[in-house]
Structures are given as structure tokens and as C-alpha cells.
Amino acid sequence: KFVSFSTPCIGLTTVPQTWTMEDSTLVGTGTYLLPACWNRIISPATTYGYPYAYNSSTYAHTGSRCLYFYNSYYNSYAVMPGIDASVLNIQNLQVSFYARTSATSSYAFLELGIMTDPTDTSTFVLLQSFQPGSSYTTDPFVVPLSNYNGNGSYIAFRNTRTSSVSTYFYVDDITLEVIPDCSKARILTAVPSTHEADLSWAATGSTFDLHYKTASEANYTTIQGVTLNDGVYTLSNLTDGTQYSWYIVTN
């Protein structure tokens, strides 16, 4: 008779680390597999096994599997292995990943945060929220951890239910690495509303200079020392019915 066992997980001491969700890295039983030393939480508790490494080349970014979130009632978390704080400073690291959805909804948010206890959802501290589109973008989402001031060491994805609409997310090719000395801004998005627009981007740094102008203007207006609040900066005092262009520069 064969008996299997797993040795305890220890904190990560080296980077980069990449998780592709492919078969050779997965553990668990049946369909509901995850990479070794990852943890899932469903709140309130249920027998459903989301998120898990979904076997579908259609929805995978590369290979044949991706991390699949489905939410019809429960908040679900995928918690990465802990970081050994005696070796790695979490504020020097960043997380990059690719994400998409199969059911675009204004209620669908994928969130990334940090936890002090990988089994306790109340310790989740939100760093940034995302609304992925229905296909993968060319560049990954990138979240620098430099603005985190707590003592948590567990990076986690969360799919939070905010309405009666079911949400689906597919996440793949997740990388934990040192923040580069200089990186370009990625995933620039703008959500306009009356007299203003919510701008978001992913880039190394904590403060930025925002440059914007209307299509008819020759020169950009600059706002110095811009910071993101929950991943968003609101640009106000805009003229309705007007096209704008913008870019950012890291301080």
C-alpha cells in the first residue's frame, strides 16, 4: 500500500517566481487543483472549489490551464505562498499577471491585496482593483507592492460579489519579482463621467506627473505629485463632450 504526504510549506526566499497553472505544479484532488502551497478561501464557507486551475486552452493565456474564478454568491480568494520577510522585503516586489473575463459586467472586479493570515479573510488589505476585458491584453497587469505598509506576507487575489450578476475571471502567468529600477506605465485606462474621468495605470513608483490636454490644444497641462487612491485618480473640471489625451511620468 502506498501512502503519500506533503512536507510543510515555507516562506518564499527567492524571486522571480512564476505560476503558470500547468499540471506539473498542481496539487489537490479531483478538478479543484491549485499550485503547491497556494490556499483558497470561499466566504461564506461552501463546498464549491473555486478558484482552481481550470483545464481549458480556450481561456488560458499560455498552455492549457489558468486560475478560474466563478462567483454567483460567494467571495472567493486565491492566496499565494507566503514570503519570508527575513529574506525578502515585500515592498521591493511586484506582481504581474494576465487576466480576462468571459462575461463583462460593470459589477465584476478582480482585486489584489495582502493578508497576514492566509486563512482569515478579515486580514485582507486591498491594494488595487481591476476590471479585465473579455480578452487578454498584450501587456500584463502589474502591481508594485511598494506602497504596502503592513506586516502581511501573503499576496492574494479576490473576486468579490457586488450584485446579483455572476462573475467569471481567468488569471494566468502570475509572476512575483523585484520591482525594476525603471518600468513603463502599463494598462492605462480612463472611465469618463460628467465633468471628470477616473484614470488608472500600473507603473513603478508612488507619485506621478499627469499630463493631459484636449484634442484641439497644442500643449499639455501638468498636474504634479499625483497619487492613486484605491488604484484610481479622478481628473476633474473637464468639459463634457470633449476628447482628451493623457500620459503619466513617474517621479
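3 is the number that the working numbering gives to position 13 of the sequence shown; each next residue is one higher, with no gaps.
All C-beta atoms in this analysis are idealised placements derived from N, C-alpha and C, irrespective of residue type, glycine included.
Owing to the predicted nature of the structure, the values given are computational and were not obtained by experimental measurement.
Looking at C-alpha atoms only, which residue of VAL5, VAL161, LEU225, ASN241 is the closest neighbour of TYR60? VAL161
So GLY39 and TYR67 are in contact, right, with Cβ under 8 Å, and what is the actual spacing, rounded? In fact, because the Cβ distance is near 13 Å, the residues do not count as touching under 8 Å.
Which of the three DSSP states, helix, strand or coil, is assigned to ASN139? coil
Could you tell me whether the region 46 to 60 touches the region 157 to 171, using the rule of 3 or more Cβ pairs below 8 Å? yes
Does any residue of chain C have a CB that is nearer than 8 Å to the CB of ILE73? Looking at the structure shown, chain C is missing, and only one protein chain is on hand.
Rounded to whole angstroms, what's the CA-CA distance from ILE213 to ASN227? Just pull it up for me. 13 Å
Can you tell me the Cβ-Cβ gap for ALA75 and SER143, rounded? I've got them flagged as a contact below 8 Å. 5 Å
Is ASP244 helix, strand or coil by DSSP? Nothing about residue 244 can be reported from this structure: the residues present for the chain run from -9 to 241 only.
Taking the alpha-carbon positions, what's the ASN82 to ILE169 distance? 6 Å
By the DSSP assignment, the beta strand (DSSP E) with ILE238 in it spans what residues? 234 to 240
Exposed or buried, which one is PRO108 when buried takes at least 16 other CB atoms within 10 Å? buried
For THR204 versus THR232, is the C-beta distance shorter than 8 Å? yes
The beta strand (DSSP E) enclosing SER183, as first and last residue numbers: 176 to 183
Does the separation of the CB atoms of SER86 and ASP220 fall below 8 Å? no
With ALA93 and SER156 assumed to form a contact (beta carbons below 8 Å), what rounded beta-carbon distance in angstroms separates them? 7 Å
Assuming SER190 contacts THR179 under a Cβ cut-off of 8 Å, what Cβ separation, rounded to an integer in Å, is found between them? 5 Å
What are the partner residues of TRP9, as DSSP defines its beta bridges? ILE164
Can you list, in chain order, the residues of its chain with a C-beta nearer than 7 Å to that of SER136? Leave out the 5 residues immediately preceding and following it. GLN81, ILE169, SER196
Could you check if THR91 is buried or exposed, using at least 16 other CB atoms within 10 Å of its CB as the buried criterion? buried
Going by the DSSP bridge assignment, what does CYS56 pair with across the sheet? TYR44
Going residue by residue through the region 67 to 124, where are the continuous beta strand (DSSP E) segments of at least 3 residues, counting only ones entirely within it? 83 to 90, 100 to 105, 115 to 120
Beta carbon of ASN65 nearer than 8 Å to that of ARG148: yes
Closest to MET244 by C-alpha separation, out of MET11, THR48, ASN241, THR211, would be which residue? With the chain running from -9 to 241 in the structure shown, residue 244 is simply not present.
Compute the Euclidean distance between the alpha carbons of ASP199 and GLY215, then round it to the nearest angstrom. 6 Å
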